[in-house]
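For reference, the structure is listed below as structure tokens.
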Amino acid sequence: MKSYIIIFLSFFIVFTANSQGLLSKSQKVFTYQDSLRGSVTKERGWWDLKYYHLDVKVNPSDKTISGSNTIRYTVLSEYNKMQIDLQEPMQIYKVVQDGKELKFERDGNAFFIQLIEKQKVGEVKEIIVLFGGKPKEAVNPPWDGGITWKKDKNGKDFIASSCQGLGASVWWPCKDHMYDEVDNMLISVNVPGNLTDVSNGRLQSVKKEKDGTKTFNWYVSNPINNYGVNINIGDYVNFSEKYKGEKGNLDCNYYVLRDNLALAKEQFKDAPKMLKAFENWFGPYPFYEDSYKLVEAPYLGMEHQSSVTYGNQYKNGYLGHDLSGTGWGLKFDFIIIHESGHEWFANNITYKDIADMWIHESFTNYSESLFLEYYYGKDAAAEYIIGCRKNIENDIPIIGHYDVNDEGSGDMYSKGGSMLHMIRQIINDDGKWRSILRGLNSTFYHQTVTSKQIEDYINTQSGINFNRVFAQYLTTTKIPVLEYIFKEGSFGYHWSNCVAKFDMPVKVNLNGIETWLKPTTEWKSEKTVGDQRTIEVSKDFYVNSSNITE
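Mapping of the sequence shown onto numbering that gives the first Met the number 0: residues 0 to 549, in sequence order.
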């Protein structure tokens, strides 16, 4: 009863505030359900997820999904209640352990299962969850996700899942929190006999069922985050190649709608180019064992692990547009490069809490410029990332609220990418910067991480304390201002509109000479030579400047 009182009060506060015009864009109100979804509850924390066998039947005729999920786990501490998540209107019908049916209660999108057997520390146990229903249909995938049910131009079903943020529990029961990734899993998907399912990992077998349907069995041998698990169902044809990478031959498989085969064979040439560039910058592709796949989907695209989805209409840029406005964005297929970049930053290194989603999106936004740099040089890369700043809104902070499944501002893309570009300028050693990017992917290989872990690693490896830079650009919406004043024979400057003790170095052109300044929030002064009184901040820095004498 307590939970429903909290939910009612939360909705009352939101309704009242909205009706009185009191809520700004930066204010959010969270509910008890947000806490159940976004925190490591007692019912989650006592067990470590090891293995899933997700076995589902997808029925396009009535848009339903049904089946079972076998969940294997290791007991970390003795407790007898387990939280499994499945969002309305989906239903759990039965839960079984050791042949015994278990009792459970539903609280919104969380199911609390009462275990009968004593859960002994160190034991490996399993439960089987039987479920089904009509999952939420995606409204604007992948941003407002769920299941997309469409038809291709030949009238055949074209179906896919997309659920980052919303959560995998929108269509299957799981431990729907990012901190605990499953070590490996089997995905069995039953579909009509004239269709193909493409999911994560490697295809182990295809079984023809007596009712004319087919079951596709995919095995994922590496840890995988929950929203990375996907189904893609359509009239697919396949072509493949082997990429000779840092860890040997990588199997690359491409699944596209039958009528798009010729287009894909040309457009998907960006995939091996991407692998070459990103293995150089970030280290080996993280999932050689599971292969790399690019799969056509009925929406724009998503970074599903080893099963990257593609819907960019076989055009360069973002649906044919250059997000930077510089022309460089039309040199590559945005979805192939960006979503594949997430294999390193999102799927290899994964946030523990979606509040730290910048770890995924800032690095992957930045990876677009690194792709350009690899093939077109540093000037092209800088122009691109500087051009993308026009997309920054500075609406709310990039880091969201913790423990309530809250992602921060969309500025995590362009603003976060610019922040990383600035950090590289300050380190001023391209070899060291590349070693940091590669080191992140080896140090945190197949791990879930916090923002602090990433920040600390960059600080340690660079030998520079970027704490106030991270605080400025990740936790505020303020653009730092370099205020300056020229007096006879001297030049004064400091940072304003910034966090306390902000101390980011900045490159400027001072009286025609390129130089580095080390401003703080306190005024500093330097002698000037001659009569010139001009200063221009390097475009590589996302800051403003102001001559306070004007």
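We treat Cβ as the ideally placed atom computed from N, Cα and C, and that holds for glycine.
Residue pairing of Val-294 in beta bridges, as defined by DSSP: Tyr-254, Thr-308. Scanning its chain for C-beta atoms nearer than 6 angstroms, with the 5 sequence neighbours on each side dropped, one finds no residue around Gly-98.
Counting the other CB atoms within 10 Å of its CB gives Tyr-254 a total of 16 or more, which places it among the buried residues. Counting only unbroken stretches of 4 or more residues, the alpha helix (DSSP H) elements lying wholly within the segment 367-394 are 377-386, in sequence order. In the structure shown, the three-state DSSP call for Tyr-365 is helix. Between the C-alpha atoms of Val-448 and Lys-124 there is a straight-line separation of about 26 angstroms.
Per DSSP, reduced to three states, the secondary structure at Ser-168 is helical. Going by beta carbons, Cys-497 and Lys-477 fall inside the 9 angstroms limit.
Taking C-beta atoms under 8 angstroms as the contact rule, Asp-352 and Met-177 qualify, at a distance of about 7 angstroms. Around the beta carbon of Ile-547, a 10 Å sphere encloses fewer than 16 other beta carbons of the protein chains shown; the residue is thus reported as exposed. A distance below 6 angstroms between beta-carbons, with the five flanking residues on each side excluded, links Gly-166 to the following residues of its chain, in chain order: Asp-175. Contact between Tyr-226 and Asn-347 is absent: CB atoms are separated by about 15 angstroms, not below the 8 angstroms threshold. Remark: three or more beta-carbon pairs, one from each stretch, lie closer than 8 angstroms, so the segment 326-333 and the segment 363-372 are flagged as touching. Taking 9 angstroms as the cut-off, the beta carbon of Gly-407 is found no closer than this to the beta carbon of Gly-416. In the three-state reduction of the DSSP assignment, Val-468 falls in the helix class.
For Ile-463, the three-state secondary structure derived from DSSP is coil. Counting along the chain, Phe-333 sits inside the alpha helix (DSSP H) bounded by residues 333-340.
By the criterion of a C-beta distance shorter than 6 angstroms, Thr-147 is surrounded in its chain by Ala-137, Pro-140, Ala-159, Pro-297, Tyr-298, once the five residues flanking it on both sides are discounted. By the neighbour-count definition (other C-beta atoms within 10 Å, threshold 16), Tyr-383 is a buried residue.
By DSSP's assignment, Trp-148 forms a beta bridge with Ile-158.
In this structure, DSSP gives Asp-179 a state outside helix and strand, which the three-state scheme calls coil. Contact between Asp-234 and Asn-311 does not hold, since their C-beta atoms are separated by about 19 angstroms, which reaches or exceeds 8 angstroms. By the CB criterion at 9 angstroms, Pro-222 and Val-181 fall inside the cutoff. The straight-line gap separating the alpha-carbon atoms of Glu-525 and Ile-484 is approximately 11 angstroms. By the Cβ neighbour-count rule, Trp-515 is exposed, with fewer than 16 other Cβ atoms within 10 Å of its own.
Around the beta carbon of Ile-115, a 10 Å sphere encloses fewer than 16 other beta carbons of the protein chains shown; the residue is thus reported as exposed. Scanning its chain for C-beta atoms nearer than 8 angstroms, with the 5 sequence neighbours on each side dropped, one finds around Asn-466 the residues Glu-454, Asn-458, in chain order. One Cα belongs to Tyr-401, the other to Ser-38, and the distance between them is close to 8 angstroms. Under DSSP, Glu-482 forms a beta bridge with His-493, Ser-545.
Residue environment analysis places Gln-446 among the exposed positions, since fewer than 16 neighbouring C-beta atoms fall within 10 angstroms of its C-beta.
Cβ-Cβ distances below 8 angstroms link Pro-285 to Asn-221, Glu-342, Trp-343, Asn-346, Asn-347, Asn-440, Tyr-444, His-445 in the same chain, with the five nearest sequence neighbours on each side left out; the list follows chain order.
DSSP places Leu-48 inside the beta strand (DSSP E), whose first and last residues are 46-58.
Here the segment 102-115 makes contact with the segment 70-87; the two share three or more CB pairs at distances below 8 angstroms.
Per DSSP, Gln-113 is one residue of the beta strand (DSSP E) stretching across 109-113. The DSSP-derived three-state label of Gln-86 is coil. Residue pairing for Met-273: DSSP places it in no beta bridge.
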